[in-house]
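These notes are about the structure you will find just below.
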Amino acid sequence: MNVVFTKESADKLAETYTVLPLPPITQTEGEKTVTVEPHVIIDMDKVPLQEISSLEEWCDLHREVVKNHIKQDYSFCEQAISHLMGKFKGELDSYYKHILTEAENSSDDVY
Numbered sequence: 139m140n141v142v143f144t145k146e147s148a149d150k151l152a153e154t155y156t157v158l159p160l161p162p163i164t165q166t167e168g169e170k171t172v173t174v175e176p177h178v179i180i181d182m183d184k185v186p187l188q189e190i191s192s193l194e195e196w197c198d199l200h201r202e203v204v205k206n207h208i209k210q211d212y213s214f215c216e217q218a219i220s221h222l223m224g225k226f227k228g229e230l231d232s233y234y235k236h237i238l239t240e241a242e243n244s245s246d247d248v249y
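The sequence shown begins at 139 in the working numbering and counts up one residue at a time.
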């Protein structure tokens, strides 16, 4: 998975590649807080031709997963990830597995 950490870089690469958001990352060092907006870069050469027609739908669903991951709506995420796992030639599967692990751990906290 190739990731860039600035919106400017993501916008520039979007001219050539499919660029998808990941949740923002905030880090505090001393009195300084920095938030970055990571984006994953998907090389279209890695997406099989027969899947190109579904690409926009998957991108939209991925964006919704990110929004719901931020809100910790794991029910939505789990359902959506069942449709996204393996898409984009598996480039985002590690992120999706991370969300599923968070969902599992959060359900453990409920009981």
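Note that beta-carbon positions come from the ideal geometry of N, C-alpha and C, so glycine has one too.
Cβ of residue i within 8 Å of Cβ of residue j?
i, j, result
"Glu175", "Lys145", "yes"
"Leu158", "His207", "no"
"Glu229", "Ile190", "no"
"Met223", "Asp211", "no"
"Thr164", "Met182", "no"
"Val203", "Ile219", "yes"
"Val172", "Leu160", "no"
Could you have a look at residue i and say whether DSSP puts it in helix, strand or coil?
i, result
"Val185", "coil"
"Lys170", "strand"
"Thr239", "helix"
"Leu158", "strand"
"Gln210", "coil"
Distance check for residue j and residue i, CA to CA, integer angstroms please.
i, j, result
"Ile237", "Thr154", "28 Å"
"His177", "Lys225", "17 Å"
"Leu151", "Ser213", "32 Å"
"Cys197", "Gln188", "16 Å"
"Glu195", "Lys170", "38 Å"
"Phe143", "Tyr233", "16 Å"
"Ala148", "Lys227", "20 Å"
"Ser245", "His221", "21 Å"
"Asn243", "Met139", "24 Å"
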